[in-house]
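**Student:** At position 51 of the sequence shown the residue is numbered 83 (this note's numbering), and the sequence of numbers has no breaks.
Using N, Cα and C, we set each Cβ at its ideal position, and we do this for glycine too.
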Amino acid sequence: MSTQMKQVTTKASTAAKTESQSPAKSIPHFEKGIKTCGQLAQGMSLLMADVLSERVGTSTANAVCNAGGKMLKAVEMQQRYGTTQKTGAKELDLIA
33 MSTQMKQVTT
43 KASTAAKTES
53 QSPAKSIPHF
63 EKGIKTCGQL
73 AQGMSLLMAD
83 VLSERVGTST
93 ANAVCNAGGK
103 MLKAVEMQQR
113 YGTTQKTGAK
123 ELDLIA
């Protein structure tokens, strides 16, 4: 098969794959907002499926994973250094 024919075939298969590809399932989940660790875990699970099926790019997945890690770090700091409120929840008081 000639090089030109291979390029045309590759472009056609890529276009067909893009057209038949379903939209990412993780993006609407994350757009609603994350309020619990369960929601973060579910979103990350959806994100992994989207990355494996190539519905989400690796740079987007990397950014989401970094943001999720920072959210978990904030929760950890809140539990470790937060002050207990009347409701029993801990609130993190950061000194500027």
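(1) According to the neighbour-count rule (16 or more other Cβ atoms, all chains shown, within 10 Å of its Cβ), is L79 buried or exposed?
(2) Which class does E51 belong to by DSSP, given the choice of helix, strand or coil?
(3) With S109 and I66 assumed to form a contact (beta carbons below 8 Å), what rounded beta-carbon distance in angstroms separates them?
(4) Tell me whether D125 is buried or exposed, calling it buried when 16 or more other Cβ atoms sit within 10 Å of its Cβ.
(5) Take C97 as the anchor and find which of A121, I59, Q117 and K122 has the nearest alpha-carbon.
(6) I need the boundaries of the alpha helix (DSSP H) containing Q71, first residue and last residue.
**Tutor:** With the given structure in hand:
(1) Counted from its first residue, the sequence shown places residue 79 at position 47. With 16 or more other Cβ atoms within 10 Å, it is buried.
(2) Counting from 1 along the sequence shown, the entry for residue 51 is found at position 19. Low local confidence applies: a pLDDT of 46 at E51 is under 50, so the model's placement there is unreliable, with the coordinate-based value given in what follows. Here E51 sits in helix by DSSP.
(3) To locate residue 109, count along the sequence shown from 1; it is residue 77. To locate residue 66, count along the sequence shown from 1; it is residue 34. Contrary to the premise, residue 109 reads as Met rather than Ser in this sequence. Actually they are not in contact, since the Cβ atoms of M109 and I66 sit about 17 Å apart, beyond 8 Å.
(4) As a working note, residue 125 is residue 93 in the sequence shown. Classification for D125: exposed.
(5) Reading the sequence shown from its first residue, position 65 is the one you call residue 97. Of A121, I59, Q117 and K122, the residue nearest in Cα terms is I59.
(6) Position 39 of the sequence shown, counted from the first residue, corresponds to residue 71. Its alpha helix (DSSP H) spans residues C69 to L84.
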